[in-house]
Structure formats: C-alpha cells, structure tokens
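Undergrad: The structure is given below, and queries will be raised subsequently.
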Amino acid sequence: MIIAVDGPTASGKGTISKRLAAHFDLPFLDTGMLYRAVGWTVKQQGGNPDDENDAVKGCVFDDGLLDDAALRSEGIGSYASKVSVHPSVRTALDKRQRDFANQAKGAVLDGRDIGTVIAPNADAKLFVIASPEARAVRRFEEMISRGEDVNFDDVLADILKRDDRDQNRATAPLKPAEDADLLDTTELTIDAAVQQAIALVNAKLSRRRDKDPA
C-alpha cells in the first residue's frame with residue numbers, strides 16, 4: 000500500500016504522514032528532507048541555490064545527512080525551496096523517491112509532487128492545506144520554541160514566497176492530484192487532522208476493495 004501526502008509548507012502534512020505510517024505500519028519518507036539536504040550541501044559548498052549547476056552539485060550527499068537537525072532550520076528550508084525549482088535537481092531525486100515508494104511493504108511519502116509525479120498510482124492520496132496565516136502561526140511558534148529570533152510578518156512573507164515558487168515552477172508544480180482527497184487543517188488540532196486523514200485513507204481503500212474485490 001502506498002499513501003501519498005502532498006501540500007504546502009506548514010500545512011501539517013509531515014506530522015500527519017508520520018502518524019499515518021505508524022497507524023498502517025508502513026515505512027515513511029519525508030521527501031522534503033531530500034531537498035533540504037541538497038540546499039544544505041549547496042550552502043556548505045558556497046553555491047547559489049538559484050543557479051541550476053550549483054544546485055545539481057548539491058544532489059550528492061550522504062544518507063546520514065537526512066538525520067541532521069540542522070536541516071530543519073528555516074534558512075535551509077528557504078534553500079530547499081529554491082533548489083527544488085530546478086528540473087535537473089528533481090530528476091536527480093526522483094528515482095530515490097520512487098524506489099522508496101515501490102518497496103515490497105509499501106510506504107507513506109509526503110512532499111509536493113508525490114501523488115502527481117512520484118507515485119501517481121498510490122492507493123490513497125491526500126492533499127493537505129491550511130490558510131497562509133494559520134501556517135505562518137504554526138511556523139512562527141515552532142521557531143520561537145527553538146529559541147530563534149523571528150518576526151511573524153517575515154515568516155508569513157516567506158511562506159507566501161515558497162507557495163509561489165512551489166505552485167508556479169515549470170517542473171512538477173505543487174497541485175492536488177485529480178483523485179486526491181482534500182484535507183483542510185486550518186481549524187483542526189493535529190489529533191483531529193490525523194483522525195480525518197486515517198478516515199479518508201480507509202474510505203479510499205474501502206472503495207478500491209469494492210471496485211476490485213479480488
């Protein structure tokens with residue numbers, strides 16, 4: 000079973016995906032961490048994330064980097080958003096994601112093009128959204144909890160910039176798959192959002208079983 004979870008930054012898709020993976024006992028991959036690893040590597044190399052050649056060089060990194068807490072910083076998130084617009088970077092990371100999705104046990108993957116590009120035949124697809132303001136509050140509070148000195152208006156502006164890059168890039172733009180279920184978390188607690196996500200996946204699986212009982 001493959002579950003694809005897509006959506007913009009700070010929509011809650013990461014936490015929802017982890018909880019879905021635990022509930023259905025499936026391996027989990029946060030594909031955004033791959034792009035954060037590329038962004039971090041580009042930064043360490045002194046490269047320009049807006050330059051495609053520099054960005055491609057950042058695609059070579061050790062798997063251990065994915066567990067580095069430094070990748071979670073807001074600055075690296077901005078680098079990740081910039082490198083992700085380059086077609087050659089997406090191509091370099093596509094196989095890695097598809098291999099994870101197609102392992103024997105199945106998987107849960109979250110990102111921005113899982114249901115449309117990486118796993119278009121996923122058994123269940125969710126597209127998680129929330130208002131920009133709600134997402135900015137979540138990100139702002141998360142950063143404050145880490146002791147970062149941030150301004151709410153700057154956080155909101157950065158989220159809007161990321162949305163624009165993600166939605167308008169030429170390759171694999173952020174958009175819901177035609178058969179994805181929409182989950183709006185703006186007014187939901189994380190527990191309520193997770194329960195709705197589980198219900199949506201179960202409903203999709205039930206419909207598939209009814210359609211193909213064999």
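Numbering-wise (numbering that gives the first Met the number 0), the sequence shown opens with residue 0 and increments by one. Yeah, the Cβ is synthetic: ideal placement off N, Cα and C, and Gly gets one too. Predicted, not measured: the structure shown is a model, and the values here were computed from it.
Run through the DSSP bridge pairs and tell me what I227 is partnered with.
TA: Outside the modelled stretch of the chain, which goes from 0 to 213, sits residue 227, for which no answer is possible.
Undergrad: State the Cα-Cα distance for the pair D162 and I189, rounded to the nearest angstrom.
TA: Stepping through the sequence shown from its first residue, residue 162 is reached at position 163. Stepping through the sequence shown from its first residue, residue 189 is reached at position 190. Going from the Cα of D162 to the Cα of I189 covers about 22 Å.
Undergrad: For I2, list the residues DSSP reports as bridge partners.
TA: By 1-based counting over the sequence shown, the position of residue 2 is 3. In the DSSP output, where bridge partners are listed per residue, I2 has V107 and A123.
Undergrad: Suppose contacts are defined by Cβ-Cβ distances below 8 Å. Is Q195 in contact with L182 by that definition?
TA: As a working note, residue 195 is residue 196 in the sequence shown. As a working note, residue 182 is residue 183 in the sequence shown. Yes, they are a contact pair.
Undergrad: Taking just the CA atoms, how far does K17 sit from V116?
TA: Residue 116 sits at position 117 when you count from the first residue of the sequence shown. Residue 17 sits at position 18 when you count from the first residue of the sequence shown. Going from the Cα of V116 to the Cα of K17 covers about 21 Å.
Undergrad: Does at least one heavy atom of the ligand COA sit under 7 Å from the Cβ of K56?
TA: As for the ligand COA, it is missing from this structure, which has no ligand bound.
Undergrad: If you count every other CB in all the chains shown that lies within 10 Å of the CB of D24, and 16 or more means buried, which is it?
TA: The count along the sequence shown starts at 1 and reaches residue 24 at position 25. Exposed, because fewer than 16 other Cβ atoms sit within 10 Å of the Cβ of D24.
Undergrad: Tell me the residue span of the alpha helix (DSSP H) that contains D157.
TA: Position 158 of the sequence shown, counting from 1, holds the residue named residue 157. Per DSSP, D157 belongs to the alpha helix (DSSP H) from F151 to N167.
Undergrad: Go ahead and pull the three-state DSSP assignment for D180.
TA: The residue labelled residue 180 in the question sits at position 181 within the sequence shown. Strand, per DSSP.
Undergrad: So, do the segment 57 to 74 and the segment 98 to 109 have three or more beta carbon pairs nearer to each other than 8 Å?
TA: no
Undergrad: Quick check: the segment 36 to 45 against the segment 76 to 91, are there 3 or more CB pairs under 8 Å?
TA: yes
Undergrad: Please state if the CB of G6 and the CB of V127 are separated by a distance shorter than 8 Å.
TA: As a working note, residue 127 is residue 128 in the sequence shown. As a working note, residue 6 is residue 7 in the sequence shown. Against a cut-off of 8 Å, the Cβ pair of G6 and V127 comes out as a contact.
Undergrad: So, with DSSP's three-state summary, where would you put L70?
TA: What you label residue 70 is simply residue 71 of the sequence shown in a count that begins at 1. Of the three classes helix, strand and coil, the one that applies to L70 here is helix, per DSSP.
Undergrad: What three-state label does DSSP hand F60 in the structure shown?
TA: For this step, residue 60 is matched to residue 61 along the sequence shown. The three-state secondary structure of F60, taken from DSSP, is coil.
Undergrad: Beta-carbon within less than 6 Å of A9's beta-carbon, same chain only, minus the 5 sequence neighbours each way: which residues are those?
TA: For the purposes of this step, residue 9 is identified with residue 10 of the sequence shown, where counting begins at 1. Closer than 6 Å at Cβ, skipping near neighbours: R134, R137 and R138.
Undergrad: For chain B, is any of its Cβ atoms less than 8 Å away from the one on G114?
TA: In the structure shown, chain B does not exist; there is a single protein chain.
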